[in-house]
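Asks: In terms of the numbering used here, the sequence shown has 134 at position 124, counting the first letter as 1, and numbering is strictly consecutive.
Where is the CB? At the ideal position from N, CA and C, for every residue including glycine.
Note that the coordinates shown come from a computational prediction; the quantities given were computed from them, not determined experimentally.
Would you mind keeping the following structure in view while I ask a few things?
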Amino acid sequence: MEIKLAIDRYDRHFPFFDGSLSHPFDFEIRPFQVGQSAILQHGTDRHELFLDGQFDVAEFSMSSFLAAKTRGYPIVGIPVFPRRLFSTSQMWVRQDSDMTEPAHLVGKNVALSAFQTTLSLLAKGDLEFHYKVPWRS
Numbered sequence: 011m012e013i014k015l016a017i018d019r020y021d022r023h024f025p026f027f028d029g030s031l032s033h034p035f036d037f038e039i040r041p042f043q044v045g046q047s048a049i050l051q052h053g054t055d056r057h058e059l060f061l062d063g064q065f066d067v068a069e070f071s072m073s074s075f076l077a078a079k080t081r082g083y084p085i086v087g088i089p090v091f092p093r094r095l096f097s098t099s100q101m102w103v104r105q106d107s108d109m110t111e112p113a114h115l116v117g118k119n120v121a122l123s124a125f126q127t128t129l130s131l132l133a134k135g136d137l138e139f140h141y142k143v144p145w146r147s
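Next up, the structure:
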């Protein structure tokens, strides 16, 4: 049996591509380097191709998974988070800014690289939970 896996070629995924991944199961994992927005070796639009049935398994951000479920796609998510970062370590302000603590973000405009990035979703929750910054502010 072969499982077609659509993922991007990140450092944490190298074992899928270089053949060093071993598992005790009786199937082969065949990785395809498919990006979501950038055109990669095997194309782009990873989510769309997966939802169209061209792959058995695909990497989704948490936000993209939730959006697909909300739209009624019959998919199952397995909570695997191979990259773990503290969201607050990925937040920056200009050096000349008056902002010195997260509470100063209330009512301000905040830029995100993409709404579908899981870290952006976590950051909104972390700001509200730890610093009382409402994610809708």
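(1) Going by DSSP, what residue range makes up the beta strand (DSSP E) through Phe24?
(2) Under the DSSP definition of a beta bridge, which residues are partnered with Lys14?
(3) Given Asp21, which residues of its chain have a CB within under 8 Å of its CB, disregarding the five upstream and five downstream residues?
(4) Which residues does DSSP pair with Ala68 in a beta bridge?
(5) Measuring CB atoms only, is the segment 115 to 122 touching the segment 77 to 84, in the sense that at least three cross pairs come out at less than 8 Å?
(6) Determine the extent of the alpha helix (DSSP H) in which His57 is found, giving its start and end residues.
(7) Quick one: measure Cβ to Cβ for Lys134 and Ala113, integer angstroms, because I've assumed they're closer than 8 Å.
(8) Can you give me the C-alpha to C-alpha distance between Pro89 and Phe26, rounded to a whole angstrom?
Replies: Checking against the coordinates, here is how it stands:
(1) It is not in any beta strand (DSSP E) - Phe24 instead sits in the alpha helix (DSSP H) that spans 24 to 28.
(2) Arg40
(3) none
(4) Ala16
(5) no
(6) 56 to 61
(7) 15 Å between Cβ atoms; not a contact.
(8) 18 Å
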